[in-house]
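Colleague:
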Amino acid sequence: MKKLKTEFPKNFMWGGAIAANQAEGAYLEDGKGLDISSGFANGIKHEHDIEIQKDKYYPTHDAIDFYHRYKEDLALMEEMNFNVFRTSINWSRIFPNGDDETPNEAGLKYYDDLFDEMIKRGMEPLITLSHYETPLNLVKKYGSWRNRKLIDFFLNYCETVFNRYKDKVKYWLTFNEINNMRRMPGGAGGIFFEEGENQQQVIYQASHHMFVANSLAIKRFREICPNSKIGCMLSLSNVYPHTCKPEDVFETMELRRRSLMFGDVMIRGYYPSYTARIWADEGVEVQMEPGDEELIRCYTCDFLGISYYRTSTHEYGQPFYGDTGGDQGTPNPYIEATPWGWQIDPLGLRFTLNELYDRYQIPLFVVENGLGQVDEIDDQGEIHDDYRIDYIKNHVKALKEAIKDGVDIMGYTYWGPIDIVSAGTGEMAKRYGFIYVDRDNEGKGTMDRKKKASFEWYADLVKNNGNNI
Ligand code: BGP
250 MKKLKTEFPK NFMWGGAIAA NQAEGAYLED GKGLDISSGF ANGIKHEHDI EIQKDKYYPT
310 HDAIDFYHRY KEDLALMEEM NFNVFRTSIN WSRIFPNGDD ETPNEAGLKY YDDLFDEMIK
370 RGMEPLITLS HYETPLNLVK KYGSWRNRKL IDFFLNYCET VFNRYKDKVK YWLTFNEINN
430 MRRMPGGAGG IFFEEGENQQ QVIYQASHHM FVANSLAIKR FREICPNSKI GCMLSLSNVY
490 PHTCKPEDVF ETMELRRRSL MFGDVMIRGY YPSYTARIWA DEGVEVQMEP GDEELIRCYT
550 CDFLGISYYR TSTHEYGQPF YGDTGGDQGT PNPYIEATPW GWQIDPLGLR FTLNELYDRY
610 QIPLFVVENG LGQVDEIDDQ GEIHDDYRID YIKNHVKALK EAIKDGVDIM GYTYWGPIDI
670 VSAGTGEMAK RYGFIYVDRD NEGKGTMDRK KKASFEWYAD LVKNNGNNI
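In our numbering, the protein residues as written are 250 to 718.
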């Protein structure tokens, strides 16, 4: 019988999370190739360009210039007592075209320096291998993940970075929010559709290739980095039935399953039995090669990383769509929303963590949670983002309650500890940071950094291991 835990464990990891493409900028520097995010003018939710257009503004090209300013930025993270920092390796810095024979040494060197700096400042690097950063050449030349060849290219990339960073990086994630293949396959997997094709067929076939790639990467990881941990990452903001009408409840469960299926494959190691029904209803027939299912069974993830921002509700037969914050349906009349319509629900986090731990029984890591808001600078030049403090306080309380409920949670990396480009919309105005960056939606501003009120508050939270609230 396990004892009741009333506090955050001593080795709990606290920090922040960003993604290379939303922060680094320097989009063609030191031999980097174009990646899928290079063509996001208005974020992943809107159309992206496969051909980069001259004279068009793409916010990811400069982002917040983390590429050149990471030392200054990590010094600020250290001031906030972070012991973990999550970012991604942009695949196209290492293999500019994705199918190159040899890696780009300048790209490898950049991440060597970056990880050294994190470690020097007391932060464990938590590294995502693919965060909406598939090399654009792979999209154009091979059709991205719809093509099985991508497995080899990805594996080559993984082996390269595992070998190079095995002594520096102990925590890895494979694909960011892989279940967004369902609703945003352009960003999540570089998938663009041809006219008249069965889109669901393409999505599930490409996802299968990613599952095989995930397992093969884990197989190599076990050999190269035997003492490190590798997880999968899903967008798991939750959805409730809009009413207790049985049809609302049932259809909500079916919707949730379409996301959890991705976790089921990568954690339990097999396609759950309900998959056959989903594929039959959608007219999908996934081509597998002999050995695929065995591989998926043998090489599963050590932990589950999740993003959780909000909840939504679903009404039977009503439209439902996805964006970066998770699935979205009918607004919930009981909870408030941000200006972007994201409904704030701390208890939903406790609900979700319990749901996932009941299902998977492996450690969970909240690798994204945060509040995107409009921040105003007052006459004294200060930013009083009390709303952000409230958001985190309430979510961290929920986290603590989940720990008391018996859920095994490794850590919490707040999304966007410094303002970065929004993945969903490409805006800078949707700010998450404890650190303000002087840059606007049109790309104007000095890029200077400034602490918001939440900066000191979060530093104190981390110093107290979350036990001061
Ligand atoms: C997640 C993504 C992030 C991120 C975050 C917030 O889906 O993994 O890349 O940006 O959502 O979304 P947004 O930037 O659209 O506010």
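Virtual Cβ for every residue (Gly too), placed ideally from N, Cα, C. The structure presented is a predicted model; accordingly, all values stated were derived computationally and were not measured.
Measuring CB to CB, does V461 end up less than 8 angstroms from D541?
Modeller: In contact: V461 and D541 (Cβ atoms closer than 8 angstroms).
Colleague: Is Q449 near Q536, with beta carbons less than 8 angstroms apart?
Modeller: Cβ distance not < 8 angstroms, so Q449 and Q536 don't count as in contact.
Colleague: Quick one: grab the DSSP three-state call for V533.
Modeller: Three-state result, V533: coil.
Colleague: Please classify I545: is it buried, with 16 or more other beta-carbons within 10 angstroms of its beta-carbon, or exposed?
Modeller: The residue in question, I545, is buried, as its Cβ has 16 or more Cβ neighbours within 10 Å.
Colleague: When burial is assigned at 16 or more other CB atoms within 10 Å of the CB, is Y306 buried or exposed?
Modeller: When all chains shown are included, Y306 counts as exposed.
Colleague: Taking C-alpha atoms, which residue in G265, F364, I658 lies nearest to K254?
Modeller: Comparing Cα positions, the closest option is I658.
Colleague: Mind checking which residues open and close the alpha helix (DSSP H) that includes E542?
Modeller: Taken as a continuous stretch (DSSP letters only), the alpha helix (DSSP H) holding E542 covers 541-547.
Colleague: Does L253 come out as helix, strand or coil in the three-state DSSP assignment?
Modeller: Coil at L253, not helix or strand.
Colleague: Contact check, N339 vs D284 under 8 angstroms by CB: the rounded distance?
Modeller: With 8 angstroms as the limit, N339 and D284 qualify as a contact, their Cβ atoms being about 6 angstroms apart.
Colleague: Among the residues of its own chain, which have a CB less than 7 angstroms from the CB of W589, if the five just before and after it don't count?
Modeller: Answer for W589: G621, K679, listed in chain order.
Colleague: What does the alpha-carbon distance come out to for the pair I343 and T383?
Modeller: Whole-angstrom Cα-Cα distance: 11 angstroms.
Colleague: Does at least one heavy atom of the ligand BGP sit under 7 angstroms from the Cβ of N291?
Modeller: No, since every heavy atom of the ligand BGP falls outside the 7 angstroms radius drawn around the Cβ of N291.
Colleague: Leaving aside the five residues before and after G715 along the sequence, list all residues of the same chain whose C-beta is less than 6 angstroms from its C-beta, in chain order.
Modeller: The answer, listed in chain order, is F257, V645.
Colleague: Is L375 closer than 8 angstroms to T601 when the C-beta atoms are compared?
Modeller: Not a contact, by the Cβ cut-off of 8 angstroms.
Colleague: Would L387 and L465 qualify as a contact pair, given that the criterion is a beta-carbon distance under 8 angstroms?
Modeller: Taking 8 angstroms as the Cβ cut-off, L387 and L465 do not qualify as a contacting pair.
Colleague: Using a Cβ-based criterion (distance less than 7 angstroms to any ligand heavy atom), does S286 qualify as near the ligand BGP?
Modeller: For the ligand BGP, not one heavy atom lies less than 7 angstroms from the Cβ of S286.
Colleague: Does the contact criterion of 3 or more C-beta pairs under 8 angstroms hold for the segment 499-514 versus the segment 433-448?
Modeller: Output reads no: the segment 433-448 does not touch the segment 499-514.
Colleague: Does DSSP put H633 in a helix, a strand or coil?
Modeller: In the structure shown, H633 sits in coil (DSSP, three-state: anything other than H, G, I, E or B).
Colleague: Is Q220 near the ligand BGP - that is, is its Cβ less than 7 angstroms away from at least one heavy atom of it?
Modeller: What the structure shows of the chain is the stretch from 250 to 718, and residue 220 is not part of that stretch, so it cannot be assessed.
Colleague: Per DSSP, N487 forms a beta bridge with which residues?
Modeller: Answer by DSSP bridge pairing, in chain order: T560.
Colleague: Out of Q629, G660, T695, which has the shortest C-alpha to C-alpha gap to R335?
Modeller: Residue G660 is the option with its Cα nearest to R335.
Colleague: Please report the distance separating the alpha-carbon of A290 from that of P308.
Modeller: Using only the alpha carbons, I get a separation of about 6 angstroms.
Colleague: Report whether the distance from the Cβ of Q592 to the nearest heavy atom of the ligand BGP is below 7 angstroms.
Modeller: For the ligand BGP, not one heavy atom lies less than 7 angstroms from the Cβ of Q592.
Colleague: Assuming K419 contacts S337 under a Cβ cut-off of 8 angstroms, what Cβ separation, rounded to an integer in Å, is found between them?
Modeller: With a Cβ gap of about 16 angstroms, K419 and S337 do not count as contacting.
Colleague: I need the boundaries of the beta strand (DSSP E) containing T423, first residue and last residue.
Modeller: Where T423 is concerned, the enclosing beta strand (DSSP E) stretches over 420-424.
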